[in-house]
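Numbering-wise (UniProt numbering), the sequence shown opens with residue 1 and increments by one. Ideal placement from N, C-alpha and C gives every residue a C-beta, glycine not left out.
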Amino acid sequence: MQKAEVVEYVTKHTKTVTLAIGDGANDVAMIQKAHVGVGISGVEGLQAACASDYSIAQFRFLLRLLLVHGAWNYTRMCKLILYSFYKNICLYVIELWFAIYSGWSGQVLFERWTIGLYNVLFTALPPLAIGLFDRTYNAEVMMAYPKLYKPSQSGKLYTIKIFWYWVFNGMIHSALLFWLPLLMCEHDILWMSGEEGGYLALGNSVYTYVVITVCLKAGLVTTSWCWPTHCAIWGSILLWFLFILIYSNFWPVIPVGVVMTGMHVILFSSVVFWLGLFLIPIITMIPDFAIRVFQDNTRKPIPELDMSRDSKNSISAIQPAFYLHNYRLFYLFSFQ
């Protein structure tokens, strides 16, 4: 219990996140008291490993757990949370803009099933890909430069300022994604013949542009691309178009989505829709793209290492590094 009391004292009086690591039954209380518990499975049994949040086979693996997987997962979770707020603001605040346009009539711009499936189907995969596969740097670089762990340790990637930036970004995007299509369809005329498709033609056009924009945003905040990321982002866009094709033909075979009958013909036969499909997401994303380019060009490079790909031979098997934090010098060694 003395170990657990020490952890509790440190947690209470320093207001910091604590990690406890142990390999025996006498360490269980300490492991459970800390914010993060790491158990070592070995000669003293599995009690500590079973009571921990993470289990490792040897003590030296703690370095990789913190500097690589800890930093990766912190960055992923920050992006995941912020992106989840952003993508919901992009769609649902549009109903506020539409309420202003419709005189606060209470009319909903989007079809009810498309609203419900937005988070379940059409934008579910990009945040999943970010949360599982995104990497700021490859593992060898993270081990060789422990200073890269500092943003995770200091919590710089999820602050009030960053949160409100994402909220503001979502509000701006939602405004552009509604008012720009509205200007293009101002007179409800989508075809040269003078025909018009009703408010749902506008609603589904806006919805299409929203799905494309939030997927492009996911790609923009993704640091490392892999095939699941490509499948998640481009597949989500493709999934929406497949849904439109299928759902527009449900009625009268299936008594669902009467108002969506023939919507694929209405949208896909309109030059205005295709013009907006090309222009509106690009116009919306131009400031974000400019900010990303600026950040990439001003980020301090790490010398003698290629960040664009994993390089197994770029770092020796054991390489010393130094990390200064809270006026204490720790000697860290990266293991291949």
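By how many angstroms is the C-alpha of residue j removed from the C-alpha of residue i?
i           : j      : result
Leu200      : Trp234 : 24 Å
Leu180      : Arg135 : 35 Å
Ile130      : Lys217 : 11 Å
Ala232      : Gln47  : 39 Å
Thr114      : Ile31  : 46 Å
Val206      : Asn119 : 16 Å
Ala290      : Tyr101 : 31 Å
Asp27       : Cys50  : 11 Å
Ser236      : Leu125 : 7 Å
residue 337 : Ala20  : Limits of the chain in this structure are 1 at one end and 336 at the other, which puts residue 337 out of reach.
Gly257      : Leu109 : 15 Å
Ile282      : Leu238 : 18 Å
Ile172      : Phe61  : 45 Å
Gly106      : Arg112 : 14 Å
Trp97       : Phe178 : 7 Å
Ala175      : Thr229 : 27 Å
Leu132      : Cys78  : 12 Å
Ser314      : Met143 : Its pLDDT being 39, under 50, Ser314 is placed unreliably by the model, and the measurement read from it follows with that caveat. C-alpha separation (whole angstroms): 12 Å.
Glu95       : Gly219 : 25 Å
Pro287      : Val293 : 10 Å
With DSSP run on the structure shown, which of helix, strand or coil describes residue i?
i           : result
residue 337 : No answer is possible for residue 337: it lies beyond the span of the chain, which begins at 1 and ends at 336.
Gly198      : coil
Ile254      : coil
Gly262      : coil
Gln107      : coil
Val93       : coil
Gly155      : coil
Asn297      : helix
Asn88       : helix
Trp113      : helix
Ala124      : coil
residue 340 : Not covered by the structure: residue 340. The range shown for the chain is 1 to 336.
Glu5        : helix
Ser102      : coil
Phe61       : helix
Arg135      : coil
Cys226      : coil
Gly203      : helix
Glu140      : helix
Tyr145      : coil
Cys185      : coil
Nearest to residue i by CA position, among the options, is which residue?
i      : options                           : result
Ser84  : Ala290, Asn169, Phe61 and Ala139  : Asn169
Met263 : Pro151, Ala144, Phe278 and Ile244 : Ile244
His35  : Lys15, Gly42 and Phe289           : Lys15
Val210 : Ile100, Leu277, Val28 and Phe61   : Leu277
Phe268 : Phe163, Phe241 and Leu109         : Phe241
Tyr145 : Leu67, Leu202, Phe110 and His173  : Leu67
Ile160 : Val6, Ile81, Lys147 and Gln2      : Ile81
Val272 : Phe163, Leu182, His69 and Cys90   : Leu182
Tyr70  : Lys150, Val256, Phe178 and Glu8   : Here the sequence assigns Gly to residue 70, which means Tyr is not the residue at that position. Selected option, being the one with the closest Cα: Lys150.
Cys226 : Tyr247, Asn138, Gln295 and Met142 : Asn138
Ser154 : Gln2, Glu8 and Val17              : Val17
Val141 : Thr208, Trp72, Tyr158 and Phe294  : Trp72
Trp274 : Gln2, Leu202, Ala25 and Glu5      : Leu202
Asp53  : Gly116, Gly45, Ile40 and Arg64    : Ile40
Gly24  : His13, Cys90, Ile56 and Glu8      : Ile56
Met184 : Glu8, Ser270 and Pro127           : Ser270
Leu148 : Pro252, Arg64, Pro287 and Arg292  : Arg64
Gly22  : Glu44, Tyr9 and Glu8              : Glu44
Ser224 : Asn88, Arg76 and Ile162           : Arg76
Asp296 : Ile280, Thr222 and Lys87          : Thr222
Could you please give me the residues that DSSP links to residue i through a beta bridge?
i     : result
Leu19 : Val36
Tyr54 : Val38
Gly45 : Gly42
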